[in-house]
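Residue numbers (my numbering): 189 to 689. Below is one structure, written out as structure tokens; comments come after it.
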């Protein structure tokens, strides 16, 4: 017997590691089986896979029962969820759920999760259990309750703050899991609240769209002003009205109540048509006006024209082409289009001579030593480079030379800024001395203090808008002086406060 036991122990020691590995594998499979929801399956699909068309629903929700009437108890749950849950016990829910009508069934089969009991009922009698795989075991609703509680609180906060769009968004998330408010207590089913909010928001947006539409029609009928700006305003209003009409079509149930009437929709559609016609008329007027302006500018260009005049004509032509793309080129007759193409061709023929003259002017200014020390001279060179850019003349040499002049201009502007900053700080120090004398004499130097604050604000603006000011010699000392004067001003204000008390 001892020898037999010794052989068994020896044989087990040989296969012990394999047995342990097999047991671990079985445990992993069981754990995966009980945590299917994490792998992307919804709790609803897990439940239906095990229990057919029976769906869980709460039967003793804290704070109130199911509104509207108790759901009938379904058949007992088949025995054997992982972990061992016996089949349904006989007997139904006596007297129904608190807050609901009496329910009756021969078998109950409750699932108890924390303080909430769930019972299987036919799927046709309840909405989806959850669209979110947030549970680990199929019957664990704790994470769902936590999530829904948070959504309800966020919805209530949004309503309290008057942020109805956010409230609607939170309710939309909530009703995916609990449309009738059976998991948490609600004065009205969430799905009904959601519909009420949507209808009220739709009514508000329709009223607002109608007001803006009428205002836009009146504005469009007025002569004068910027045509392009008026058209863009019409575009915005038309988009708003189209969105409101679309929302009304998606919420037909709102038309059945008192929030929104079909008459409002019809009136809004009529306003929409009138706005479209107004925009069409303004588009045509805009295109024809800009056409006349372009023809006038471009036809005046010759080989002897000033470069700036050519630049303005080309910019006008470019803007007109963009308007034709965005609006409608059909407003022009064929003869007008031919005239425009003829002017473009003439402009191209004259462009070479104009470019040559611009390059010559740049070269003349660049060879003048005084230009490199003069801010206005450098700006003139950069303006000529702008003209070349408008004429679509660009190469590596032009870009490199332009960057060099821009760098020179930045350095000169920074030096001028430091000089201006030094003068203003000197003035501030003098004003502070004057204010100190007034305070010593018992007077409040209000005007002086106001001037001090204005000058300090100007100095701060200089530092903020000047690109290379930190590279200028002497800026560091001025910055320290600026901070010193700020501290003196603080002490000055403290003395004034003491004097006023």
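Even glycine gets a Cβ: it sits at the ideal position worked out from N, Cα and C. Remember, it's a predicted structure, so these values are computed and weren't measured experimentally.
Burial state of residue i, where buried means 16 or more other Cβ atoms lie within 10 Å
i, result
"residue 440", "exposed"
"residue 663", "buried"
"residue 317", "In this prediction, residue 317 scores a pLDDT of 47, lower than 50, which makes its location untrustworthy; the coordinate-derived value is nonetheless stated afterwards. When all chains shown are included, residue 317 counts as buried."
"residue 661", "exposed"
"residue 601", "buried"
"residue 209", "exposed"
"residue 591", "exposed"
"residue 344", "exposed"
"residue 658", "exposed"
"residue 451", "exposed"
"residue 674", "exposed"
"residue 498", "buried"
"residue 485", "buried"
"residue 370", "buried"
"residue 469", "exposed"
"residue 490", "exposed"
"residue 353", "exposed"
"residue 211", "exposed"
"residue 346", "buried"
"residue 424", "exposed"
"residue 478", "buried"
"residue 654", "buried"
"residue 391", "buried"
"residue 454", "exposed"
Alpha-carbon spacing of residue i relative to residue j, whole angstroms
i, j, result
"residue 323", "residue 366", "In this prediction, residue 323 scores a pLDDT of 37, lower than 50, which makes its location untrustworthy; no coordinate-derived value is stated."
"residue 648", "residue 604", "15 Å"
"residue 225", "residue 363", "Interpretation of residue 225 is limited by its pLDDT of 42, a score under 50 that renders its predicted location unreliable; no figure is taken from the coordinates."
"residue 581", "residue 500", "15 Å"
"residue 482", "residue 402", "34 Å"
"residue 437", "residue 495", "57 Å"
"residue 340", "residue 387", "20 Å"
"residue 576", "residue 456", "51 Å"
"residue 257", "residue 442", "Note that residue 257 has pLDDT 35, beneath the 50 cutoff, so the model's placement of it is unreliable and the number below is only indicative. Whole-angstrom Cα-Cα distance: 27 Å."
"residue 538", "residue 638", "58 Å"
"residue 198", "residue 205", "13 Å"
"residue 687", "residue 631", "8 Å"
"residue 559", "residue 596", "10 Å"
"residue 513", "residue 419", "15 Å"
"residue 188", "residue 201", "Residue 188 cannot be examined here, being either before or after the span of the chain that is shown, 189 to 689."
"residue 628", "residue 684", "10 Å"
"residue 492", "residue 644", "50 Å"
"residue 407", "residue 578", "35 Å"
"residue 650", "residue 609", "7 Å"
"residue 641", "residue 351", "41 Å"
"residue 464", "residue 476", "19 Å"
"residue 356", "residue 593", "57 Å"
"residue 584", "residue 505", "26 Å"
"residue 677", "residue 400", "51 Å"
"residue 338", "residue 375", "17 Å"
"residue 207", "residue 191", "23 Å"
"residue 534", "residue 524", "16 Å"
"residue 634", "residue 395", "52 Å"
"residue 666", "residue 556", "33 Å"
"residue 562", "residue 426", "52 Å"
"residue 571", "residue 547", "12 Å"
"residue 509", "residue 532", "12 Å"
Range covered by the alpha helix (DSSP H) that runs through residue i
i, result
"residue 425", "415-438"
"residue 519", "No alpha helix (DSSP H) holds residue 519; DSSP gives it neither H nor E."
"residue 604", "584-628"
"residue 467", "450-487"
"residue 370", "First-last for residue 370: undefined, no H or E at that position."
"residue 170", "There is simply no residue 170 to check, as the chain begins at 189 and stops at 689 in what is shown."
"residue 495", "495-514"
"residue 654", "Where residue 654 is concerned, there is no enclosing alpha helix (DSSP H), given that its DSSP letter is neither H nor E."
"residue 389", "378-408"
"residue 664", "663-688"
"residue 358", "352-363"
"residue 632", "Unbroken run through residue 632: none, as it is neither H nor E."
"residue 338", "330-348"
Inter-residue CB distance, residue i and residue j (contact presumed, cutoff 8 Å)
i, j, result
"residue 358", "residue 373", "Wrong, their Cβ atoms sit about 17 Å apart, outside the cutoff."
"residue 474", "residue 429", "With 8 Å as the limit, residue 474 and residue 429 do not qualify as a contact, their Cβ atoms being about 21 Å apart."
"residue 466", "residue 422", "6 Å"
"residue 393", "residue 461", "Between residue 461 and residue 393 the Cβ distance is about 19 Å, and since that is not below 8 Å, they are no contact."
"residue 432", "residue 404", "With 8 Å as the limit, residue 432 and residue 404 do not qualify as a contact, their Cβ atoms being about 14 Å apart."
Closer than 7 Å: residue i CB and nearest the ligand FMN heavy atom
i, result
"residue 419", "No copy of the ligand FMN occurs in the structure displayed, which carries no ligand at all."
_If contact is defined by three or more beta carbon pairs under 8 Å, each pair taking one atom from either stretch, is the segment 514-531 in contact with the segment 539-557?_
no
*So, do the segment 607-624 and the segment 565-572 have three or more beta carbon pairs nearer to each other than 8 Å?*
Segments in contact, no.
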